[in-house]
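Student: This structure is in structure tokens; I'll ask about it shortly.
Protein chains in written order, with UniProt numbering: chain A, 1 to 291; chain B, 1 to 214.
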């Protein structure tokens, strides 16, 4: 996904003189050709994430369309107040593209991980959040974001599904029993959900914000499970609000708040957080049996 | 509006309200190429009140220059007022950035100067005003170092009323490595004007005013 991001954003910068890119050293090598071609619009501020966000806000105030990019813990967690004030409070927009997600950087440790990024943006107004599940879903998101001035977050991951699903709407991937449980998988959680071997309807979205509440209301009649690749329960407020008139039960699965203090691979972390197929099956089975 | 009126209107922020008064007047009266008629022009000069605190002098200057009616000054901070104890660019004509939390204006100003340069507005100038205590915020130092590294055309003004709790050993100018520095009397309008009309940057104008009484 990162390679797709670099190639697409380089093309966007070439085509649209209104666009700009602000970096804080991360991925600077990959964007070196773009920086040579557009030295005034491709800016590397060094290891200064607060400044990266402030510069993006300033660029937007002059009418440019800034993209900014780093690991999720640095571009979101560290620069949270700049995102809140230098973008939102100024009524300015930007496109934030992160890598690393919850635990792609598994061996780097917790300093390089951000399970809470989407929850943090949920405290703020007006953020569209894309969580692509496949590299082929990324270019459309970037091109669309370049065309307006709103606030957009694109959360890239090294975890991905086998197949891409075009568009950003909420779609049913597999039909289960009529009026049975619906499992909504976000981004790269789709394949683990499909492999969990559950007799349920499986739906998919790569755009959890704004949540497609109309489609969700059409689908859910009784039991609903949300499976997200970031902090568990991040979408509970949005789902509850969407289904406030539907008697139903909800389960929210995702990355737990527990800091495991282990390294290993992303697959190890998925297992520790119960987000591998076996863990998902156990949690969802227990919920449906009302254990 | 007199300084006494400013003091009465905003007791908490009074020292910061009038510490900036002369610099603000010189900016809007003699330096900035911006008026109520050009407030949306892409090549207008920019001024950012980074510290945001005590904005009554700022509001008064903007009202005197016709950016909004002077009557707005009569109910600052009320439920229906557009003028709060920190300025909001969405609510106040002529206010370029909404500030209040310290340490945001310089980064925004760096981005604005870069954005203006990228679009070829080479005559447009960007100014940002900070307080000496505001320099305590580390975010400023990210912006100071980067602006120097890329030789950005930007003018910062530091109002020095010696309000930083631990002071700045070695002086404020020593924090702006790679910047051109001017020291002025923050109450001497001709000195202020002379420093602010110098071009090329990054440049910092340190305007000393009377010490803040705590």
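All C-beta atoms in this analysis are idealised placements derived from N, C-alpha and C, irrespective of residue type, glycine included.
1. Please tell me whether residue 108 (chain A) and residue 74 (chain A) are closer than 8 Å, where the distance is taken between their beta carbons.
2. Report the partner residues of residue 250 (chain A) according to the DSSP bridge assignment.
3. Apply the 10 Å Cβ neighbour rule to residue 30 (chain B) and answer buried if 16 or more other Cβ atoms are within range, or exposed otherwise.
4. Is the distance from the Cβ of residue 159 (chain B) to the Cβ of residue 135 (chain B) below 8 Å?
5. Does any residue of chain B bring its CB to less than 8 Å from the CB of residue 282 (chain A)?
6. Any idea which residues DSSP pairs residue 44 (chain A) with across the strands?
7. Determine which residues of the stretch 107-136 of chain B have a Cβ less than 7 Å from any Cβ of chain A, and write them out in chain order.
8. For the stretch 83-100 of chain A and the stretch 163-178 of chain A, state whether three or more C-beta atom pairs, one from each stretch, are separated by less than 8 Å.
9. Rounding to the nearest angstrom, what Cα-Cα distance links residue 112 (chain B) and residue 257 (chain A) in this structure?
10. Three Cβ pairs or more, each shorter than 8 Å: is that satisfied between the stretch 45-64 of chain A and the stretch 76-88 of chain A?
11. Using the Cα positions of residue 201 (chain B) and residue 41 (chain B), report the straight-line distance between them to the nearest angstrom.
12. Got a sec, what are the start and stop residues for the beta strand (DSSP E) residue 131 (chain B) sits in?
13. Residue 123 (chain A) touches chain B at which residues, Cβ-Cβ below 8 Å?
14. Which class does residue 201 (chain A) belong to by DSSP, given the choice of helix, strand or coil?
15. Taking residue 39 (chain B) as the reference, give the member of B:49, B:89 and B:72 with the closest Cα.
16. Specify, as a first and last residue, the run of the alpha helix (DSSP H) that residue 284 (chain A) falls within.
17. Are the C-beta atoms of residue 172 (chain A) and some chain B residue less than 8 Å apart?
18. According to DSSP, residue 155 (chain B) sits in a beta bridge with which residue or residues?
19. Which chain A residues are close to residue 230 (chain B), counting only those with a beta carbon under 9 Å from its beta carbon?
20. Give me whichever residues DSSP pairs with residue 99 (chain A) in a beta bridge.
21. Within 8 Å of any Cβ in chain A, is that where the Cβ of residue 180 (chain B) sits?
22. Count the other CB atoms, across all protein chains shown, that sit within 10 Å of the CB of residue 44 (chain A); report buried if there are 16 or more and exposed otherwise.
23. Would you verify that the beta carbon of residue 77 (chain A) is, or is not, closer than 8 Å to some beta carbon of chain B?
24. Quick one: what does DSSP say residue 19 (chain B) is sitting in, helix, strand or coil?
25. In whole angstroms, give me the CA-to-CA distance for residue 76 (chain B) and residue 66 (chain B).
26. CB-CB under 8 Å to residue 138 (chain B), same chain, minus the five flanking residues each way: which ones, in chain order?
27. According to DSSP, is residue 44 (chain B) part of a helix, a strand, or is it coil?
28. In chain order, what residues of the same chain have a beta carbon less than 7 Å from the beta carbon of residue 271 (chain A), not counting five sequence neighbours either side?
29. Can you list, in chain order, the residues of its chain whose CB lies under 7 Å from that of residue 91 (chain B), leaving out five sequence neighbours each side?
30. Opposite residue 130 (chain A) in the DSSP bridges: which residues?
31. Going along chain A in order, which residues have a C-beta closer than 7 Å to the C-beta of residue 101 (chain B)?
32. Determine, for residue 95 (chain A), whether the minimum Cβ-Cβ distance to residues of chain B falls below 8 Å.
33. Do you know offhand how far residue 210 (chain B)'s Cα is from residue 108 (chain B)'s?
34. By DSSP, does residue 182 (chain A) sit in helix, in strand, or in coil?
35. State yes or no: is the C-beta of residue 188 (chain A) within less than 8 Å of the C-beta of residue 133 (chain A)?
36. Where residue 275 (chain A) and residue 183 (chain A) are concerned, what is the direct C-alpha to C-alpha distance, given to the nearest angstrom?
Tutor: Looking at the coordinates:
1. Your numbering for residue 108 (chain A) matches position 108 in the first chain. Your numbering for residue 74 (chain A) matches position 74 in the first chain. No, they are not a contact pair.
2. In the first chain, residue 250 (chain A) corresponds to position 250, counting from 1. Its beta-bridge partners are A:224.
3. Working through the second chain from its first residue, we reach residue 30 (chain B) at position 30. Exposed, because fewer than 16 other Cβ atoms sit within 10 Å of the Cβ of residue 30 (chain B).
4. Counted from its first residue, the second chain places residue 159 (chain B) at position 159. Counted from its first residue, the second chain places residue 135 (chain B) at position 135. Contact flag unset, no.
5. Along the first chain, read from residue 1 onward, the residue named residue 282 (chain A) stands at position 282. Taking Cβ atoms only, chain B never reaches closer than 8 Å to residue 282 (chain A), which makes this a no.
6. In the first chain, the residue the question calls residue 44 (chain A) occupies position 44. Its beta-bridge partners are A:23.
7. 107, 108, 109, 110, 111, 112, 114, 115, 116, 117, 118 and 119
8. no
9. The residue you call residue 112 (chain B) lines up with position 112 of the second chain. The residue you call residue 257 (chain A) lines up with position 257 of the first chain. Cα to Cα, the separation comes out at about 38 Å.
10. yes
11. Here residue 201 (chain B) refers to the residue found at position 201 when the second chain is read from its first residue. Here residue 41 (chain B) refers to the residue found at position 41 when the second chain is read from its first residue. Rounded to whole angstroms, residue 201 (chain B) to residue 41 (chain B) spans 23 Å at the Cα level.
12. What you label residue 131 (chain B) is simply residue 131 of the second chain in a count that begins at 1. Unbroken beta strand (DSSP E) run through residue 131 (chain B): 126-131.
13. Position 123 of the first chain, counted from the start, is the residue given in the question as residue 123 (chain A). Going along chain B, no residue has its Cβ under 8 Å from residue 123 (chain A), so there is no contact; the nearest lies around 15 Å.
14. Residue numbering aside, residue 201 (chain A) sits at position 201 when the first chain is read from its first letter. Three-state result, residue 201 (chain A): strand.
15. One-based indexing of the second chain puts residue 39 (chain B) at position 39. Residue B:89 is the option with its Cα nearest to residue 39 (chain B).
16. In the first chain, the residue the question calls residue 284 (chain A) occupies position 284. Its alpha helix (DSSP H) spans residues 277-288.
17. On the first chain, position 172 is the one that residue 172 (chain A) refers to. Not closer than 8 Å to any Cβ of chain B, the Cβ of residue 172 (chain A) fails to qualify, so no.
18. Counted from its first residue, the second chain places residue 155 (chain B) at position 155. Bridge partners of residue 155 (chain B): B:127 and B:203.
19. There is no way to answer for residue 230 (chain B), as the model of chain B reaches only from 1 to 214.
20. As a position in the first chain, residue 99 (chain A) is number 99, starting the count at 1. Paired residue(s): A:71.
21. On the second chain, position 180 is the one that residue 180 (chain B) refers to. Chain A contact via Cβ: absent.
22. Walking along the first chain from the start, residue 44 (chain A) turns up at place 44. Looking at its Cβ environment, which holds 16 or more other Cβ atoms inside 10 Å, residue 44 (chain A) is buried.
23. Within the first chain, the letter at position 77 stands for residue 77 (chain A). False, the Cβ-Cβ gap to chain B never drops below 8 Å.
24. The sequence position of residue 19 (chain B) within the second chain is 19, counting from 1. Helix at residue 19 (chain B).
25. The residue labelled residue 76 (chain B) in the question sits at position 76 within the second chain. The residue labelled residue 66 (chain B) in the question sits at position 66 within the second chain. Approximately 17 Å between the Cα atoms of the pair.
26. The residue you call residue 138 (chain B) lines up with position 138 of the second chain. For residue 138 (chain B), where only same-chain residues beyond five positions count, the Cβ hits under 8 Å are 103.
27. Locating residue 44 (chain B) in the second chain gives position 44, counting from the first residue. Residue 44 (chain B): coil per DSSP, three-state reduction.
28. Locating residue 271 (chain A) in the first chain gives position 271, where the first residue counts as 1. Here the set comprises 279.
29. Translated into positions along the second chain, residue 91 (chain B) becomes position 91. Only 82 meet the Cβ criterion.
30. In the first chain, the residue the question calls residue 130 (chain A) occupies position 130. Bridge partners of residue 130 (chain A): A:154.
31. Mapped onto the second chain, residue 101 (chain B) falls at position 101. Near residue 101 (chain B) (Cβ distances below 7 Å), the residues of chain A are 81 and 85.
32. Within the first chain, residue 95 (chain A) is the residue found at index 95, counting from 1. Taking Cβ atoms only, chain B never reaches closer than 8 Å to residue 95 (chain A), which makes this a no.
33. Within the second chain, the letter at position 210 stands for residue 210 (chain B). Within the second chain, the letter at position 108 stands for residue 108 (chain B). About 28 Å.
34. As a first step, residue 182 (chain A) must be located in the first chain, where it is residue number 182. Three-state result, residue 182 (chain A): strand.
35. For the purposes of this step, residue 188 (chain A) is taken as residue 188 along the first chain, with counting starting at 1. For the purposes of this step, residue 133 (chain A) is taken as residue 133 along the first chain, with counting starting at 1. Contact: yes.
36. Looking up residue 275 (chain A) in the first chain gives position 275. Looking up residue 183 (chain A) in the first chain gives position 183. Approximately 13 Å, taken between the alpha carbons.
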